[in-house]
Amino acid sequence: MANVKCPKCGELNKSLNLEETKGWYECSKCGSVMQVDGYDLGCVRIPIIEWKDLPKLNQKV
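In short: position in the sequence shown from 1, add 4, done, that's the working numbering.
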């Protein structure tokens with residue numbers, strides 16, 4: 005269980021089971037739904053590569 009302060013209204017949300025919801029919670033005061041940093045376990049950032057940059061990436065250093 006965790007206590008998380010809402011970044012929008014400042015309310016302290018107590019006894020949240022962030023592991024069960026993968027870090028998502030709804031603020032008890034303002035109703036905003038957000039995810040706590042560090043709990044996004046299912047996604048991986050993929051770099052966006054533009055065609056014009058491919059020759060630069062293919063060169064040996």
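Virtual Cβ for every residue (Gly too), placed ideally from N, Cα, C.
Check your understanding: Can you list, in chain order, the residues of its chain whose CB lies under 8 Å from that of Leu20, leaving out five sequence neighbours each side?
Key -> Position 16 of the sequence shown, counted from the start, is the residue given in the question as residue 20. Here the set comprises Met5, Ala6, Asn7, Val8 and Tyr29.
Exercise for review: In angstroms with no decimal places, state the Cα-to-Cα distance between Ile53 and Asn62.
Suggested key: For the purposes of this step, residue 53 is taken as residue 49 along the sequence shown, with counting starting at 1. For the purposes of this step, residue 62 is taken as residue 58 along the sequence shown, with counting starting at 1. When the Cα atoms are used, Ile53 and Asn62 turn out to be separated by approximately 12 Å.
Review point. Helix, strand or coil: how does DSSP classify Asn21 here?
Key: Numbered from 1 along the sequence shown, position 17 holds the residue referred to as residue 21. Coil.
Review point. What number of angstroms, rounded off, separates the C-alpha of Pro59 from the C-alpha of Ile50?
Key: Taking the first residue of the sequence shown as position 1, residue 59 is located at position 55. Taking the first residue of the sequence shown as position 1, residue 50 is located at position 46. In this structure, the straight-line span from the alpha carbon of Pro59 to that of Ile50 is close to 19 Å.
Review point. Under 8 Å between the Cβ atoms of Cys34 and Lys12?
Key: Here residue 34 refers to the residue found at position 30 when the sequence shown is read from its first residue. Here residue 12 refers to the residue found at position 8 when the sequence shown is read from its first residue. The Cβ-Cβ distance between Cys34 and Lys12 falls below 8 Å.
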